[in-house]
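> Residue numbers (UniProt numbering), protein chains in the order written: chain A, 1 to 87; chain S, 1 to 1216.
Glycine included, C-beta positions come from ideal geometry on N, C-alpha and C.
Fair warning: this is a prediction, and the values are worked out from it, not measured in the lab.
Okay, here's the structure, questions in a sec.
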Amino acid sequence: MQASDRFNINSQLEHLQAKYVGTGHADLNRFEWAVNIQRDSYASYIGHYPMLAYFAIAENESIGRERYNFMQRMLLPCGLPPEREED
Amino acid sequence: MYLYSLTLQRATGVVCAINGSFVGGKTQEIVVARGKTLDLLRPDDAGKIQTLHSVEVFGAIRSLAQFRLTGSQKDYVVVGSDSGRIVILEYSKEKNCFDKVHQETFGKSGCRRIVPGQYLAVDPKGRAVMIAACEKQKLVYVLNRDTAARLTISSPLEAHKSHTITYSIAGVDCGFDNPVFAAIELDYSEADQDSTGQAAAEAQKHLTFYELDLGLNHVSRKWTEPIDNGANLLVTVPGGGDGPSGVLVCAENFVIYKNQGHPDVRAVIPRRADLPAERGVLIVSAATHRQKSMFFFLLQTEYGDIFKVTLDHEGDRVTELKIKYFDTIPVTSSMCVLKAGFLFAASEFGNHALYQFQAIGDGDDVEASSATLMETDEGFQPVFFSPRGLKNLIRIDHIESLMPVMDMKVMNLFEEETPQIFTLCGRGPRSSLRILRPGLAVSEMAVSQLPGVPHAVWTVKKNVNDEFDAYIVVSFANATLVLSIGETVEEVSDSGFLDTTPSLAVSLLGDDSLMQVHPNGIRHIREDGRVNEWKTPGKKTIVKVGSNRLQVVIALSGGELIYFEIHMTGQLMEVEKHEMPGDVACLDIAPVPEGRQRSRFLAVGSYDNTIRILSLDPDDCMQILSVQSVSSPPESLLLLEVQASTGGEDGADHPASVFLNAGLQNGVLFRTVVDMVTGQLSDTRSRFLGLRAPKLFSARVRGRQAMLCLSSRPWLGYIHQGHFLLTPLSYETLEYAASFSSDQCAEGVVAVAGDALRVFTIERLGETFNETVIPLRYTPRKFVLQPKRKNLIIIESDQGAFTAEEREAARKELLEAAQVGENGNANNGEQMENGAGGGDDEEDPLSDEQYGYPKAEADRWVSCIRVLDPRTGNTTCLLELQDNEAAFSVCTVNFHDKEYGTLLAVGTAKGLQFWPKRTLAAGFIHIYKFVDEGRSLELVHKTKVEGVPLALCQFQGRLLAGIGPILRLYDLGRRRLLRKCENKLFPNTIVSIHTYRDRIYVGDMQESFHYCKYRRDENQLYIFADDSVPRWLTASHHIDFDTMAGADKFGNVYFVRLPQDVSDEIEEDPTGGKIKWEQGKLNGAPNKVEEIVQFHVGDVVACLQKASLIPGGGECVLYGTVMGSLGALLAFTSREDVDFFSHLEMHMRQEHPPLCGRDHMAFRSAYFPVKDVIDGDLCEQFPTLPPDLQRKIADELDRTPGEILKKLEEFRNKII
């Protein structure tokens, strides 16, 4: 790799994508985008305790259970991924 | 518009709590994170929880951990927050504050998915700390000591793993080997790729051990093994000689012991017998108790049951894991076991409690064990138990918590001087209506009737060294009554006091003699019983007296002052006379300073609206040192000496000073500083206290001088954490008061009012509000006031619970099965009604408040409508909704045909379900009429609608309802409501409706406000303006014709206003902007409202209300939050104040950055940039700064620190 390659836009982007989960790319599909948004949302709900409490009141569950449910939903937040088109 | 934001009641809920020796030494303290604030609590010797320190950190605290360096006596606090930084705090006893020892930045700020801060784990030997995020990132910091024994922190070591969700982390106790951290992880990378769902179904949680190699300074994945897929929590097991090491993995229904190279030891968590089969049992909080010889764990389930977990082990081999039912307490967010035998339980919702251990669960109870684990075809066989009354714990104290505030109204229903705040708090069986009053709570110790109407009361000791008072002396119009204080309080006649005359003053004189001043002279009673009488010359009478222990000044009618001192022989000697220009209104002498012969200052108030300071020094005796003119004749004076303080447990640095306090006849308390040398007066402040001239008395509070001011209500002035606070007492009007100290009551007050003598003490200093609690049945949703009878109508609903009849039946069955109670507890029905108060816990072994309602399937709802008389706290009518219906909205409505008068409309939903998709069987609007003088309700009819009516409002003699995205206007019919008009164009779900004149302000669940108009002639509802920002509304309030205040789910408060020109145009347009509306573009309204105020509170605001909390004060916007805090936003009235406070705020941001590393400006602008709001909470931290920093900031603002403090006090006083 040449020294100049380190600074071209693609390698910078790759670096960002490796470092920050959820950084988009040109071929991002609708599903991947939605999954990211959902995971970010759940992480935010878990991080903001008042919001977690707000959900817990709405669903009449304990806050601990609500946190666990949100963690569990991070696995498949938008259901199963669509089938890949062979390319 | 500029607003000043001030938190009135800090958050009362708890996010997490840890215990340790933070002060250093033997005592144990608890550090509690309440969202934005960090508190240090300590149970005192009497088992009452005291707050040592509380600080606002302007950031969200998400996790706490404590650690101790080996050989040290003191614990440090590690804070994981949304600042993208790890912060280590140390409590400084001298300064009474947390000092930031280290602050290391590792990532972006905010609660993000991959930025650590969510989890914290420390090595049990205090050598390293791990901080982790929900996903991917884990950082390990090595902690050490430098040569000066200061704590050092290394640069972070990464233990990241991409595509991995972390559920919990814990430190593994492996003695002095390399530190090891355990984590529950789940890899999702394959599930994201596999469209068949097979990978997702096979996704497996792993327990991973990370080892920190201290020699190589490197973290490696040491060991990883699949674990139960329900795992959610790790608990460290003691090791290194004290135990087998390893971790307890808490999973749904199981607790599993795991360690590297050790087979799993698994036991089931016992289930409540009445739990539906599809529900699991999840551990939500855990505490460990360690002694030298033994250890055990307390694990609490999501239903509130605590289990004691013990491990049988031989060396490092665990042979058996036992889970035994311990006790049941309300569900906690954190539990702390203290060495002194206390359990601190920080409740998720509702009051927190401190329990004392009676036993450690050695009795006979249901136990599950790894040895008896039975595996069948359907999985492991469950173990069942039924909760019982507390056996191992006993509750000894509680801390009040408003969490969550669901709804709030500020009204003066009781016709008191200040309005009351009615809040709906809590959840499920622990719900309550709390009536908050600004002021301190008073606990009355005794009330006794006196033979006449007294006008004054004093307490007096017999000897200066006595601890307690000897006599209470009560003066009537023509007599004096002496009561001696002993085992009982009784009248005595051998005290030497003259009882045939009224008294003007009674006090201790010298070391052991007593003085009684009456209109005709001074009676000096020596210790041996000799009595010296000094008589007034001629026909003059004494009108006013001022005295301390060694000096007496009397004022005779006509304005002559005579000054006496106690001679060395114990005689009272006349020293000096002085003629004042007119009659004296009041006098006071400061107490004798420590180690001095006399106090130097005499304050004299005259009817010519002046107060003079006179010298009492022998060289310039009775010289006037300074004169102060006041707005009205002074009624009462008090010179209050504030001792020098250098921090410590109660306060900031300040030198000794003397304050002159004057109660003026116009009801104002006037307060000024007296120069200790020259007697000059400076820095005056005044505050209106009430309709009567305040009378001032000195009192003692926590061993310090304090001041009682009796106006139309009593006030207490005292120093709390460095601030001088003047707070009302929630007590009736008092005539005269004196401090009181006896065996039973160390720091009390005795007072007269009417013909009664009252003794009371003041509780929980430093609190802004005191509360009266009325229990409710289910989670309260909303309430309205019935305008005529002033009753409250509250709607309550809960998901996933059994109806009252089903619960009653189950309870009976249970009681019969257990054969508890000889007479069968026949009053159970009443107990369920209204909760019957918390005091009945002992009688009712299974109160719902303690044990929670039994869980039902998630699609079942219970709900009730309650009519409550707030004056008595009695429920006059309670309608349980039948058939799975739940109430969500309520309003009172007067239909224009006036047949029924005021009616009540309640919006309900039947069979509502949120998950997996929001569905419902039907929605209804019930119409009730008030019967029995508004005490009861009768159903008129109910109308079926297609969605949940979340918002109802009266509008021009009709009813407006928001049903999903539809705004509909109803009229009252015979059998049902009649549709008159509707608009279906709202984007999502209508959650609030406010009306003013012909405008309708509709709040959408996701899309902020929509301004609508109704055209009667064309019978049309149309939207003429909306907001350009999506806002997830949680609360809204109508401010004025063009302005609405709202709060969103993310913790922001904002105001929107329709621009003036647009507003005028719409009002002038004969079509009301309708033509333009028809041309609306891009699915939006033709006009947009402008955001004029924006502020991040950092907590979900659940209710907003415009009100004034002080009589005659301006209105401010009050809000209540889910975490149980109350705050206010006050509009500035002058540009100068805005400039002053924005500069002060700027300097505070620079000089005093928040404790947990979050940038203040970034926090207040977390979602939208803060706009036109000054953060009063930050400004109010000014007095906690060191004096030189205070001066520096003050210099930059061209003021003195005193002026800044005065300004801060002034603004607080404008609000409360």
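Checking 7 Å against the spacing of the C-beta atoms, do threonine 166 of chain S and glutamate 190 of chain S come in under that value?
No, the Cβ-Cβ distance between threonine 166 of chain S and glutamate 190 of chain S is not below 7 Å.
> Shortest alpha-carbon distance to proline 50 of chain A belongs to which of S:Lys1049, S:Phe1095 and S:Gly379?
The residue with the shortest Cα to Cα distance from proline 50 of chain A is S:Lys1049.
> Rounded to whole angstroms, what is the Cα-Cα separation between leucine 419 of chain S and cysteine 134 of chain S?
In the sequence under discussion, the amino acid at residue 419 of chain S is proline, which differs from the leucine named in the question. Looking at the two C-alpha atoms, the distance is approximately 45 Å.
> Listing by chain order, which chain S residues have their CB less than 9 Å from the CB of aspartate 40 of chain A?
The contacting residues are Arg112 and Arg113.
> Go through its chain and collect everything with a Cβ distance to arginine 764 of chain S's Cβ below 8 Å, but skip five positions before and after it.
Leu440, Ala441 and Asn770.
> Using only alpha-carbon positions, find the residue among S:Tyr471, S:Met568, S:Thr536 and S:Val489 that is nearest to glycine 510 of chain S.
Answer by Cα proximity: S:Met568.
> From which residue to which residue does the beta strand (DSSP E) around proline 263 of chain S run?
Residues 262-268.
> So, at 7 Å on beta carbons, what are the nonlocal neighbours of asparagine 392 of chain S in its own chain, with the 5 sequence-adjacent residues on each side left out?
These residues qualify, in order along the chain: Phe326, Asp327, Phe357, Gln358, Ala359, Ile360 and Gly361.
> Taking contact to mean at least 3 C-beta pairs separated by less than 8 Å, is the region 1126-1134 of chain S in contact with the region 40-48 of chain S?
Counting Cβ pairs under 8 Å, fewer than three are found: no touch.
> What is the rounded straight-line gap between the Cα of glycine 110 of chain S and the Cα of alanine 961 of chain S?
Looking at the two C-alpha atoms, the distance is approximately 38 Å.
> Kindly say whether glycine 835 of chain S, judged by its beta-carbon, lies nearer than 7 Å to any beta-carbon of chain A.
Residue confidence for glycine 835 of chain S is low, a pLDDT of 40 falling below 50, so the modelled location carries little weight and cannot support an answer.
> Could you check what DSSP says for histidine 1160 of chain S in three-state terms: helix, strand or coil?
Helix.
> If the criterion is Cβ atoms closer than 7 Å, does the pair serine 285 of chain S and methionine 335 of chain S meet it?
Yes. Within cutoff.
> Give me the subset of the region 1142-1169 of chain S whose CB atoms are less than 8 Å from a CB atom of chain A, sorted by chain position.
Answer in chain order: no residues at all.
> What does isoleucine 63 of chain A touch in chain S if you count any residue whose Cβ is under 7 Å from its own?
Simply Ser333 and Glu348.
> Using a beta-carbon distance below 7 Å, is glutamate 83 of chain A in contact with chain D?
Going by chain labels, chain D is absent from the structure shown, which instead holds the protein chains A and S.
> Quick check on proline 270 of chain S - is its C-beta less than 7 Å from some C-beta in chain A?
Cβ-Cβ to chain A under 7 Å: no for proline 270 of chain S.
> How about valine 219 of chain S and alanine 159 of chain S: do their beta carbons lie closer than 7 Å?
In contact: valine 219 of chain S and alanine 159 of chain S (Cβ atoms closer than 7 Å).
> For aspartate 619 of chain S, is the beta carbon positioned less than 6 Å from some heavy atom of the ligand NAD?
Looking at this structure, you won't find the ligand NAD or any other ligand, since it has none at all.
> Alanine 203 of chain S CB to nearest chain A CB: under 7 Å?
Cβ-Cβ to chain A under 7 Å: yes for alanine 203 of chain S.
> At the level of alpha carbons, what is the spacing between glycine 22 of chain A and valine 1097 of chain S?
Answer to the nearest angstrom: the Cα atoms are 28 Å apart.
> Does DSSP put alanine 33 of chain S in a helix, in a strand, or in coil?
Alanine 33 of chain S falls in the strand class under three-state DSSP.
> Can you tell me the Cα-Cα spacing of arginine 1016 of chain S and arginine 1149 of chain S, whole angstroms?
Near 54 Å, if we compare the C-alpha coordinates of arginine 1149 of chain S and arginine 1016 of chain S.
> Which same chain residues, not among the five before or five after serine 712 of chain S, have their C-beta less than 7 Å away from its C-beta?
Counting only Cβ-Cβ distances below 7 Å, and skipping sequence neighbours, we find Glu417, Gly690, Leu691, Arg692 and Thr733.
> How is aspartate 840 of chain S classed by DSSP in three states: helix, strand or coil?
Any reading at aspartate 840 of chain S needs caution, since the residue's pLDDT is 39, under 50, leaving its predicted position unreliable; the model's value is listed next. Aspartate 840 of chain S falls in the helix class under three-state DSSP.
> Note down, in chain order, all residues in the region 298-332 of chain S with a beta-carbon under 7 Å from any beta-carbon belonging to chain A.
Those residues of the region 298-332 of chain S that come within reach of chain A (Cβ to Cβ, closer than 7 Å) are Glu302 and Val331.
> With DSSP as the reference, identify every bridge partner of arginine 958 of chain S, one or two as the case may be.
BP columns for arginine 958 of chain S point to S:Phe955.
> Consult DSSP for methionine 51 of chain A and reduce its assignment to one of helix, strand or coil.
Looking at methionine 51 of chain A - three-state DSSP - the assignment turns out to be helix.
> I'd like to know whether the C-beta of glycine 911 of chain S is nearer than 7 Å to at least one C-beta of chain A.
Chain A contact via Cβ: absent.
> Output the distance between the C-alpha atoms of valine 1173 of chain S and cysteine 78 of chain A, rounded to the nearest integer angstrom.
Cα to Cα, the separation comes out at about 39 Å.
> Serine 443 of chain S: buried (16+ other C-beta within 10 angstroms of its C-beta) or exposed?
Under this definition serine 443 of chain S is an exposed residue.
> What three-state label does DSSP hand glutamate 833 of chain S in the structure shown?
Confidence at glutamate 833 of chain S is low in this model, with a pLDDT of 41, below 50, so its placement is unreliable and no value can be given for it.
> Can you pull out the residues from the region 402-414 of chain S whose beta carbon lies closer than 9 Å to at least one beta carbon of chain A?
Listed by position, the residues of the region 402-414 of chain S near chain A (Cβ gap below 9 Å) are Met403, Pro404 and Met406.
> Tell me, please, whether the CB atom of isoleucine 57 of chain A is closer than 7 Å to any CB atom in chain S?
By this cut-off, isoleucine 57 of chain A is an interface position.
> What residues are listed by DSSP as bridge partners for serine 863 of chain S?
Bridge partners of serine 863 of chain S: S:Ser797.
> Name the DSSP bridge partner or partners of histidine 1010 of chain S?
BP columns for histidine 1010 of chain S point to S:Val1002 and S:Asp1026.
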